[in-house]
Amino acid sequence: MNGYVIVFLAAMMLVFSSPILPSLWVLCCILATTLCVAAKRARYLVVFLAGLIWAGWHGEVFVSRTLAPEFYGVDLQIIGRITDIPRQNGQVTRFHLQVERIVTPDYPSPFPKHLRLSWYQHAPPLRLGDVWTFSVRLKPNRGLMNPGGFDLERWLFSQGIHASGYVRDKLPFTRHDSHPHWQHRWRDAVLQRLEAASLPPVVLAMSRALVLGDGGGLSRDQRQAFRLTGTSHLLVISGLHVSLVAMFCWGLGALLWRAVAWFWPPPLSREWMAAGVSLIGACLYASVAGFTVPVLRALIMLLVYLWYRCGRRHMPFSHPYFIALLCVLLLQPLSPMGAGFWLSFGAVAVIYFLLTRLRFVVSSVWHWLGWHALLSVGLMPLSVLFFGFWSPLTMVANAYAVPLVSLVVVPAVLVGVVALMLWENAGAWILSVIGSVFSGLLSSLQWLATQTDLHYWVAGASGLGIGLLMLAVFVALLPPAMRLTGLAVPLAAMVFWPDPERPPAGDFDVSVIDVGQGLAVLVETQSHRLLFDTGGRFSRHFSVAAVSVVPYLRHRGVSRLDTVVISHPDSDHAAGLAAVRDAVAVDSVVTHAVFDDRVDADAHCRRGDTWDWDGVRFTFINRSDPAYAGTNDHSCVLLIESGVSRVLLPGDIERPAEDELLASGIRGPLSLIVAPHHGSRSSSTPAFVDALRPHAVVYAAGFANRFGFPHAAVQARYRAIGAEAYRSDADGLVRFAFTPQGQRGGATRYRDAHVQFWRADFDL
Numbered sequence: 204m205n206g207y208v209i210v211f212l213a214a215m216m217l218v219f220s221s222p223i224l225p226s227l228w229v230l231c232c233i234l235a236t237t238l239c240v241a242a243k244r245a246r247y248l249v250v251f252l253a254g255l256i257w258a259g260w261h262g263e264v265f266v267s268r269t270l271a272p273e274f275y276g277v278d279l280q281i282i283g284r285i286t287d288i289p290r291q292n293g294q295v296t297r298f299h300l301q302v303e304r305i306v307t308p309d310y311p312s313p314f315p316k317h318l319r320l321s322w323y324q325h326a327p328p329l330r331l332g333d334v335w336t337f338s339v340r341l342k343p344n345r346g347l348m349n350p351g352g353f354d355l356e357r358w359l360f361s362q363g364i365h366a367s368g369y370v371r372d373k374l375p376f377t378r379h380d381s382h383p384h385w386q387h388r389w390r391d392a393v394l395q396r397l398e399a400a401s402l403p404p405v406v407l408a409m410s411r412a413l414v415l416g417d418g419g420g421l422s423r424d425q426r427q428a429f430r431l432t433g434t435s436h437l438l439v440i441s442g443l444h445v446s447l448v449a450m451f452c453w454g455l456g457a458l459l460w461r462a463v464a465w466f467w468p469p470p471l472s473r474e475w476m477a478a479g480v481s482l483i484g485a486c487l488y489a490s491v492a493g494f495t496v497p498v499l500r501a502l503i504m505l506l507v508y509l510w511y512r513c514g515r516r517h518m519p520f521s522h523p524y525f526i527a528l529l530c531v532l533l534l535q536p537l538s539p540m541g542a543g544f545w546l547s548f549g550a551v552a553v554i555y556f557l558l559t560r561l562r563f564v565v566s567s568v569w570h571w572l573g574w575h576a577l578l579s580v581g582l583m584p585l586s587v588l589f590f591g592f593w594s595p596l597t598m599v600a601n602a603y604a605v606p607l608v609s610l611v612v613v614p615a616v617l618v619g620v621v622a623l624m625l626w627e628n629a630g631a632w633i634l635s636v637i638g639s640v641f642s643g644l645l646s647s648l649q650w651l652a653t654q655t656d657l658h659y660w661v662a663g664a665s666g667l668g669i670g671l672l673m674l675a676v677f678v679a680l681l682p683p684a685m686r687l688t689g690l691a692v693p694l695a696a697m698v699f700w701p702d703p704e705r706p707p708a709g710d711f712d713v714s715v716i717d718v719g720q721g722l723a724v725l726v727e728t729q730s731h732r733l734l735f736d737t738g739g740r741f742s743r744h745f746s747v748a749a750v751s752v753v754p755y756l757r758h759r760g761v762s763r764l765d766t767v768v769i770s771h772p773d774s775d776h777a778a779g780l781a782a783v784r785d786a787v788a789v790d791s792v793v794t795h796a797v798f799d800d801r802v803d804a805d806a807h808c809r810r811g812d813t814w815d816w817d818g819v820r821f822t823f824i825n826r827s828d829p830a831y832a833g834t835n836d837h838s839c840v841l842l843i844e845s846g847v848s849r850v851l852l853p854g855d856i857e858r859p860a861e862d863e864l865l866a867s868g869i870r871g872p873l874s875l876i877v878a879p880h881h882g883s884r885s886s887s888t889p890a891f892v893d894a895l896r897p898h899a900v901v902y903a904a905g906f907a908n909r910f911g912f913p914h915a916a917v918q919a920r921y922r923a924i925g926a927e928a929y930r931s932d933a934d935g936l937v938r939f940a941f942t943p944q945g946q947r948g949g950a951t952r953y954r955d956a957h958v959q960f961w962r963a964d965f966d967l
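Those letters in the sequence shown? Residues 204 to 967, by the numbering used here.
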C-alpha cells in the first residue's frame with residue numbers, strides 16, 4: 204500500500220507543477236484500457252493514472268472558477284459567508300469569503316467561490332459564519348515573483364482561493380440574519396469569549412493560536428522569532444496538540460468506564476469506551492481548530508491507531524501514516540502545494556525513522572538534547588527548501604520549548620478556555636497565569652532569533668542542492684556501525700557554502716527586483732554590490748523589502764552591500780531601507796543632499812561623482828543643487844558603464860530633470876534603462892527617449908496599480924525606437940548580464956521559469 208500512496212502523490216505533484224492541464228478524457232480512456240487489459244500487472248500504472256485524473260479534475264475545477272478577465276476591477280455585488288476568523292491589522296480587516304451568489308452584474312457560471320478580501324478603514328464588526336451582501340472589486344491571484352521570495356500565488360492555490368480583492372465600503376452593504384454552520388458557531392463562540400475577557404494581547408494571541416488555530420494575533424516580529432528558532436510548529440495545531448487532548452480524553456473515558464461498572468456491566472470494554480471518548484474529544488478540538496492539514500492528518504492517524512489498538516491488531520507505524528496521507532490527498536487535494544503539508548508529514552516521517560531505524564531511546568537529559576539534534580538535522584532539507592536557511596539554534600529552542608508547551612502551556616490553555624466558557628473570571632485568571640509563562644518563552648525565543656551568526660542561509664538552493672542535502676541527512680542518520688557519517692559534512696558543505704556565480708572583471712549584472720509598485724535594483728560586479736532603492740511597504744510596520752529584496756539578496760549569497768542608493772525618499776523607493784539594514788551589512792547609504800532630513804544617509808549623490816569597481820564605472824549625473832519644486836526631479840540618477848554596455852537608473856525624474864540631463868550632454872545608445880517614474884506620462888518625453896535610444900526598457904510597476912503605470916503613450920515611444928520591453932508586474936524579477944562587448948545572452952524573466960496552469964495568464 205505504501206508504494207501506491209507515494210505513486211499517487213507523485214502523479215498529483217506532476218500535474219500541479221505542469222504548465223498545462225492534462226486531458227481528463229484521454230487519461231480516463233487510458234485508465235479504462237489499462238484496467239481491461241492488464242489491471243493486475245500494471246497496478247502502479249493504474250494508481251499513477253488515478254492520481255493524474257484526481258489532480259487534473261481538481262485543477263480544472265479551480266481554473267474554471269478563476270476570475271474572468273472582463274471582470275478585473277469591476278464592481279461586483281455579491282452575497283457570501285465569512286469562513287475564517289477575520290484578522291484586523293490597523294485599519295484593515297482581512298477575511299476569507301465563500302461566495303453564495305453574484306447579484307450584479309450577470310456573471311457566467313461557475314463564478315469564483317472562495318475569495319480573500321480586505322475591508323479598509325470603516326469595516327463593521329465581522330464575525331465568522333456571518334452572511335453579507337456588499338460590493339467588491341476583485342483581481343486574479345497575483346503576487347511578487349522573485350527567487351527566494353514568498354510565492355503568494357502558490358499559497359493561494361493551495362488554499363483554494365480563486366481571487367482576491369477589497370470591499371467597496373462607500374457602496375451599500377448589509378449583514379443578513381443567517382444560521383452559521385455548527386463549526387463556525389463553536390469557533391466564533393470561543394473567540395467572542397476570549398475577546399470579551401479583556402486578556403493581555405500576548406495571552407489572547409496565545410489562546411487564539413493554541414485553541415482556534417489562528418496565529419493572526421501575534422505580531423510579525425513574534426512570528427519571525429518562532430520561525431527563526433524552528434518552533435513555529437508549537438503554534439500550529441497538529442499531532443502534538445491533538446495527541447495531548449486524545450490522551451486526556453482517554454483517561455476520562457477509562458474513568459467513565461469504571462464509574463459505569465459500579466452500577467451495571469458496561470456495554471463496551473474499557474479500551475473501546477476510552478477510545479470512543481478520546482476520539483470524540485479529539486474531533487471536538489479539531490472542529491474548533493478548523494480542520495487544517497496538520498489537524499486532519501493527526502486525527503486520521505489517531506483514528507487508525509485506535510482501531511488497531513482496540514482490535515488488538517499488529518500495527519506497523521507506516522500504516523496509519525500512509526492512510527492519513529492518502530485521506531488528506533483525497534479530502535484536501537490542493538494541500539500538497541503548501542509548505543504545511545510537507546512539514547507536517549515530513550516531521551512525522553523523521554520521527555518514525557529515528558524511533559524505528561535508529562531505535563533512539565530518550566532516557567536522560569543528554570539523550571533528550573541528542574534527540575532534538577537528530578530531529579533538527581533530519582528536518583534540515585525541508586527547512587532549507589521552504590525557509591532558505593537552517594540553524595543549530597532550532598535544536599536548543601525545541602529542547603526546552605517542546606516540553607514546556609506540551610506539558611504546561613497547552614493543557615493549561617485548554618483548561619483555561621473551558622473554564623472561561625463556564626466561569627469567566629476563573630478562566631481569565633488561568634489564562635493570565637499561563638500567559639506569563641508563554642511571555643517568558645517568547646522572550647527567550649526572540650533573543651535566540653537575534654543570534655544571526657548561527658543562521659546559515661543557503662544561496663540559490665536548487666533541486667540538486669536539496670537532493671544533496673537529503674543525501675547528507677540520510678548518511679548522517681545511518682547507524683554509526685556503517686562508518687559513513689563523516690561523508691555528511693562535505694555533502695552538506697556543498698549546499699551551505701557554495702561558490703556563488705559572480706561576474707568576471709569588467710562584467711556586471713543588473714537585477715530589477717519585483718517589488719510591486721516601487722523600485723529596487725541590485726547591481727553586482729565581481730566583488731561589489733550596489734542596491735538602488737529598496738521598494739515600498741505593505742503597512743506601517745511591514746515593508747515589501749522583507750519578502751522580496753531581502754530574500755533575493757540571500758538567494759544571491761549577498762551578506763554585505765557596499766552601497767545603497769536611495770534615489771528619493773518616497774515610500775515606494777525608500778521604505779525598505781530599515782529591513783535591508785536589519786538583514787545585511789550596509790557600508791554606505793547615499794541620497795540627494797535635499798533629502799538629508801528624511802533619509803539617514805552617509806553621503807550625497809553629486810553630479811560628476813564617479814568610482815570604479817572591478818573595471819565597471821559608476822557615475823552620478825543628477826543635479827546636486829536644489830533646483831526643482833518636487834521630490835521626484837531631485838532623484839539620484841546613476842549611469843553604469845563598461846565598454847559599450849551602458850545602463851541608466853533614473854529614479855522618478857520627470858520632464859524638467861530629463862530636459863536638464865539632455866542639456867548636460869548625455870546621449871545614447873543605452874543598453875538598458877529603467878523607465879523613469881515607473882512609466883508615468885510625465886516622464887520619458889519623446890526627446891528623452893529619442894536621444895537615449897535604449898536597447899531595452901524595464902517598467903517597474905505594480906500589477907493593476909491605481910496610477911495606470913506604465914502609460915500606453917510611454918510604452919509606444921519606447922516601442923517606436925525598437926526597445927525590448929520588460930515589466931515587473933508581468934515578468935517578475937528581470938535579470939541582465941553585461942560585458943564590455945554588450946549584453947551577454949538574453950534577459951532572464953523569473954515568471955517565465957515558473958509557468959503553472961494555476962497562475963493567472965494574461966496580456967498587460
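Glycine included, each C-beta is placed from N, C-alpha and C at the ideal position.
Item, Value
"Residue from A214, R390, S220 whose Cα sits closest to the Cα of L230", "A214"
"Cutoff 8 Å; reference A804; Cβ partners in own chain excluding five residues on either side", "I769, V792, V793, T794, F798"
"Nearest neighbour of S751, chosen from W814, S521, F353 [CA to CA]", "F353"
"Cutoff 6 Å; reference V767; Cβ partners in own chain excluding five residues on either side", "L734, V789, V792"
"Candidates G868, F823, E474, I856, of which the one nearest G833 by Cα", "I856"
"Unbroken stretches of the beta strand (DSSP E), 3 residues or longer, contained in the region 257–295", "278–285, 290–292"
"Q720 versus W510: straight-line alpha-carbon distance, rounded", "55 Å"
"Residues near H731 by beta carbon distance below 6 Å, same chain, minus five either side", "D765, W816"
"Contact the region 303–322 vs the region 907–925: 3+ CB pairs below 8 Å", "no"
"Close Cβ partners of Q324 (< 6 Å) along its chain, the five nearest in sequence each way excluded", "Q294"
"Closest Cα partner of A777 within the set A723, E263, I824", "A723"
"Spatial neighbours of R330 in its chain, beta-carbon cut-off 6 Å, leaving aside the 5 residues before and after", "D391"
"Residues that DSSP places opposite Y902 in a beta bridge", "R930"
"Rounded Cβ spacing between H658 and S594 (contact assumed at less than 8 Å)", "5 Å"
"Distance, Y369 Cα to P470 Cα", "56 Å"
"Same chain only: Cβ atoms within 7 Å of G871, ignoring 5 sequence neighbours per side", "A894, L895, R896, P897"
"Helix, strand or coil at A533 [DSSP, three-state]", "Residue identity differs from the one stated: residue 533 is Leu in this sequence, not Ala. Looking at L533 - three-state DSSP - the assignment turns out to be helix."
"The beta strand (DSSP E) enclosing L865, as first and last residue numbers", "Element bounds for L865: not the beta strand (DSSP E) but the alpha helix (DSSP H), 858–866."
"Residues that DSSP places opposite Y921 in a beta bridge", "Y921 is not bridged to any residue."
"Contact under 9 Å by Cβ, F544 with S361", "yes"
"Whole runs of the beta strand (DSSP E) within the region 306–341, excluding any shorter than 3 residues", "317–323"
"The beta strand (DSSP E) enclosing V792, as first and last residue numbers", "792–794"
"Sufficient close CB pairs (3 or more, under 8 Å) joining the region 501–508 to the region 434–454", "yes"
"Beta-carbon spacing of F711, I223 below 9 Å", "no"
"8 Å contact criterion, which M496 and Q535 should meet: CB distance rounded", "In the sequence as displayed, the identity of residue 496 is Val instead of Met. Sure, about 6 Å apart at Cβ, within 8 Å."
"Contact between the region 878–891 and the region 915–932 (3+ Cβ pairs under 8 Å)", "yes"
"CB contact flag (A899, S887, <9 Å)", "no"
"Any alpha helix (DSSP H) of 4 or more consecutive residues that is wholly inside the region 385–427", "385–399, 404–415"
"Enclosing alpha helix (DSSP H) for W814 [first to last residue]", "Where W814 is concerned, there is no enclosing alpha helix (DSSP H), although the beta strand (DSSP E) it sits in stretches over 813–816."
"For P328, the nearest candidate out of S586, R290, V339 (CA to CA)", "R290"
"T822 - DSSP class collapsed to helix/strand/coil", "strand"
"Rounded Cβ spacing between R954 and M540 (contact assumed at less than 8 Å)", "Going by Cβ atoms, the distance from R954 to M540 rounds to 17 Å, so no, they are not a contact pair."
"Nearest residue (CA-CA) to G493, options G479, G811, V414", "V414"
"Cβ pair E303, V334 closer than 9 Å", "yes"
"Identity of the residues DSSP links to A940 by a beta bridge", "D712"
"Buried versus exposed, by CB contacts within 10 Å (16 or more), V726", "buried"
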